[in-house]
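Data block below; observations after.
Numbering (our numbering), first residue to last: 9 to 299.
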């Protein structure tokens, strides 16, 4: 299983090389590939990436303050996404927070060098092996065996390789504009899905505390607004969304629609000033089997 690791700059390359060691240590069947030339140079870039994407299972883009907006790293990330689909491309945030990332890189799943995120990355890599994947217990043991070494090497990397670009925190207005743009985009996608459907499911009275309780089959739009509203309430309260997602699917909404509802509810919570971590959305979607 080939893992394509994209980098640009000294810190990014060091992070890619550390990830290569870590990946091979815990999943011996993985074959991490790192380009030998800095992507900023552009030399032999096209033939290099083309030759190695053909049998690549997953791509990891190592992002830093230095390279996050550079044309070549954006170009290479786009090529990876086109060849592998967004679900098989992730960013590794070396000295960044998810809120520092702009589109198009903001669309990918972000991994930070924390134990929780690295465990998730290990599971993601392991799943790409299919039938050859390690048992969960074996993967856990392998991760635990090398975690302290990873932490030690990571601390050394951050200390010895300085950040070459001054940190500039994104203005709140800039982040909010991007959030609103996402809302408009998701709304348009929902409308397209609506128009492509012959009809939407009718909502029947049901007992209990689910989405459909006390709802008497209004319009599809009202139904969707109710789903998003209930999801938003639970997100703000920190409650799981699995039962709401399951009920929505039982009523006829497919996984694509339910994923859009989850993301829209999260964005609405952010617009109201609630600090909802992006990781919460990813977990809600993953745990519900939507991606």
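Just so you know, even glycine gets a beta-carbon here, dropped at the ideal spot from N, CA and C.
Residue 266 sits away from residue 137, with the two beta carbons spaced by 8 Å or more. For residue 18, same chain residues with a beta-carbon under 6 Å away, outside a window of 5 residues either side, are 169 in chain order. Distances from the alpha-carbon of residue 165 to those of 97, 26, 12, 14 put 26 closest.
Counting along the chain, residue 67 sits inside the beta strand (DSSP E) bounded by residues 64-71.
For residue 109, there is no enclosing beta strand (DSSP E), as DSSP marks it with neither H nor E. Rounded to whole angstroms, the Cβ separation of residue 12 and residue 72 is 18 Å, and the two are not in contact under 8 Å. The C-beta of residue 163 has fewer than 16 other C-beta atoms within 10 Å across all chains shown, which makes the residue exposed.
Proximity to residue 235 across 120, 108, 272 peaks at 272, based on C-alpha coordinates. Per DSSP, the continuous alpha helix (DSSP H) segment holding residue 253 begins and ends at 250-258. The residue from 90, 144, 82 with its alpha-carbon nearest to that of residue 66 is 90. The three-state reading of DSSP puts residue 20 in helix, counting H, G and I together. Two segments are said to touch when three or more pairs of C-beta atoms, one from each, lie closer than 8 Å; by this definition the region 142-162 touches the region 32-43. Shown here, residue 11 sits in a strand according to DSSP, grouped into three states. In this model, residue 105 and residue 24 are separated by some 18 Å (Cα to Cα). Under DSSP, residue 40 forms a beta bridge with 11. Assignment of residue 104 by DSSP, reduced to helix, strand and coil, places it in the coil class.
Comparing alpha-carbon positions, the option among 270, 237, 79 lying closest to residue 250 turns out to be 270. The beta carbon of residue 79 lies closer than 6 Å to none in the same chain, with the five residues before and after it left out.
Excluding the 5 residues flanking it on each side, residue 158 has same chain C-beta neighbours closer than 6 Å at 30, in chain order. Around the beta carbon of residue 96, 16 or more other beta carbons sit within 10 angstroms, so the residue counts as buried.
Closest by C-alpha distance to residue 21, out of 88, 107, 101, is 101. The straight-line gap separating the alpha-carbon atoms of residue 38 and residue 128 is approximately 16 Å. Per DSSP, residue 156 is one residue of the alpha helix (DSSP H) stretching across 144-168. Measuring C-alpha to C-alpha distances from residue 120 to each of 43, 147, 68 identifies 68 as the nearest.
Taking C-beta separations shorter than 7 Å and ignoring five residues to either side along the sequence, the partners of residue 125 in its chain run 119, following chain order. Comparing alpha-carbon positions, the option among 14, 240, 134 lying closest to residue 268 turns out to be 240. Annotation: the continuous alpha helix (DSSP H) that includes residue 132 extends over 123-135.
Under DSSP, residue 97 forms a beta bridge with 67. For the 8 Å CB-CB criterion, residue 112 and residue 82 form a contact.
If you look at residue 75, you'll find it isn't in any beta strand (DSSP E); DSSP assigns it neither H nor E.
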